[in-house]
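>
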């Protein structure tokens, strides 16, 4: 998938399409992001202000101008690695009767931590019974 | 399960009861929390002071009065989302001969990040061989 | 495995050896760390400066002299618990044709958060098809 720069990009629909194509019934969806400057997050999909504040919070926890040794890839790169470490790159979500057992307000997101748009690869796997 | 407000609530015993009822032998327990303002954490179950300090640490990382855009659900809501993002909502723990392969000092906790008591749903799944 | 004190210790090779001995083909590798003052992290394995900065970032997020209640195990212990909570102790990595499906720049690390060397136990499990 493609990101347009820093922010949260929902992939819940992609996960549903994958489960349908895999004829998934009951089990677990595993998600894995093959990058070190973006992350996978399950968070609120209702008020978009929440994602705005999550980006702000991460910027405060890992500011750009903070004397990082690793600066050859730009001022947003080292903060992006820190944010990816804090959030992580792997998730699982239970699957019940072919549907994601997400909470009412949960969505699955790729969090892009670089300033510029990037192509990001997510590996989806299903473990369980099939239709 | 029910929380009584901000803090750590151990669910290790619930996980053991689930494994017994599932007649689990060798494999992995998957835990998933269906919420965006609480999280799942594996941490020290010996000195309760550790959990007190973990709550303090999270409050420092995501303070309430910090100019969040999303404030319609109260001053503790946006910090709760940030803490849930940092800690995450999914875990796995290996199972050996029907028992959780936790480290000596490890317990499994639901971390409640809202000030008020909440009902929280955790999905438990076992993958592996059975008795 | 043994750590030499605070820092990142790569275990990607150990994971590969495990997959070979398990005759793994397609599936997922589960990793679990049995400790509460160290963590598991997937991060950049190219420029070592990144790991230096990750240690610095964690020290800033969980400083030693910050009035922690739990201080009987030394000034580095409570910060270590906080860092372990933020990073987490469980991971999964997809396996394709017997190989870890890591991204180009990804390595698997045990992050030691204590100042002194420690022995750390990681449980590796493979779910999937075998050769």
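Chains as they are written, first to last, in the working numbering: chain X, 1 to 131; chain R, 1001 to 1131; chain U, 2001 to 2131. Note that the Cβ used here is the ideal one computed from N, Cα and C, for glycine as well.
How would you list, in chain order, the residues of chain U whose beta-carbon sits under 9 Å from the beta-carbon of residue 1065 of chain R?
Correct list: empty, because the minimum Cβ distance to chain U is about 19 Å.
> Helix, strand or coil for residue 2113 of chain U per DSSP?
coil
> Would a C-beta distance cut-off of 8 Å place residue 126 of chain X and residue 24 of chain X closer than the cut-off?
yes
> Could you tell me the alpha carbon to alpha carbon distance between residue 9 of chain X and residue 31 of chain X, rounded to whole angstroms?
14 Å
> Hey, which unbroken runs of the alpha helix (DSSP H) at 4 residues or more fall wholly within the region 2012-2062 of chain U?
2012-2021 and 2048-2061
> For residue 1063 of chain R, which residues of its own chain have a beta-carbon under 7 Å away from its beta-carbon, when the five flanking residues on both sides are left out?
1079
> What number of angstroms, rounded off, separates the C-alpha of residue 1021 of chain R from the C-alpha of residue 4 of chain X?
Those two C-alpha atoms are separated by around 47 Å.
> I'd like to check one pair, residue 2099 of chain U with residue 2093 of chain U: are the Cβ atoms closer than 8 Å?
no
> Considering only their Cβ atoms, is the gap separating residue 1011 of chain R from residue 1110 of chain R smaller than 8 Å?
The answer is yes: Cβ separation under 8 Å.
> Using DSSP with H/G/I as helix, E/B as strand and the rest coil, what is residue 2081 of chain U?
helix
> Within the 8 Å Cβ cut-off, does residue 1094 of chain R reach chain U?
yes
> On the three-state DSSP scale, how would you describe residue 1124 of chain R?
Residue 1124 of chain R: strand per DSSP, three-state reduction.
> Report buried or exposed for residue 65 of chain X, applying the criterion of at least 16 other Cβ atoms within 10 angstroms of its Cβ.
exposed
> Is the shortest distance between the beta-carbon of residue 2121 of chain U and the beta-carbons of chain X less than 8 Å?
no
> With which residues is residue 108 of chain X paired in a DSSP beta bridge?
X:42
> List the whole-angstrom C-beta distance separating residue 84 of chain X from residue 36 of chain X, where the pair is believed to meet the contact cut-off of C-beta under 8 Å.
6 Å
> So which residues of chain U does residue 1127 of chain R contact, with C-beta pairs closer than 7 Å?
2127
> Check residue 100 of chain X in the structure and name its three-state DSSP category.
strand
> Determine, for residue 1003 of chain R, whether the minimum Cβ-Cβ distance to residues of chain U falls below 8 Å.
No, no contact with chain U.
> Step through the CB atoms of chain R and report whether any lies within less than 8 Å of the CB of residue 106 of chain X.
yes
> So residue 44 of chain X contacts chain R; which residues on that side make the cut at Cβ distance below 7 Å?
1036 and 1081
> Going by other Cβ atoms of all chains shown within 10 Å of its Cβ, with 16 needed for buried, is residue 1071 of chain R buried or exposed?
exposed
> From this set, X:107, X:96 and X:124, which residue's C-alpha is nearest residue 131 of chain X's C-alpha?
X:96
> Determine, using beta carbons only, whether residue 29 of chain X and residue 40 of chain X come nearer to each other than 8 Å.
Contact flag unset, no.
> Could you check the C-alpha separation between residue 120 of chain X and residue 2 of chain X for me, to the nearest Å?
6 Å
> Looking only at its own chain, which residues have a Cβ that is under 8 Å from the Cβ of residue 1014 of chain R, when we skip the five neighbours before and after it?
Cβ-Cβ distances below 8 Å link residue 1014 of chain R to 1001, 1122 and 1124 in the same chain, with the five nearest sequence neighbours on each side left out; the list follows chain order.
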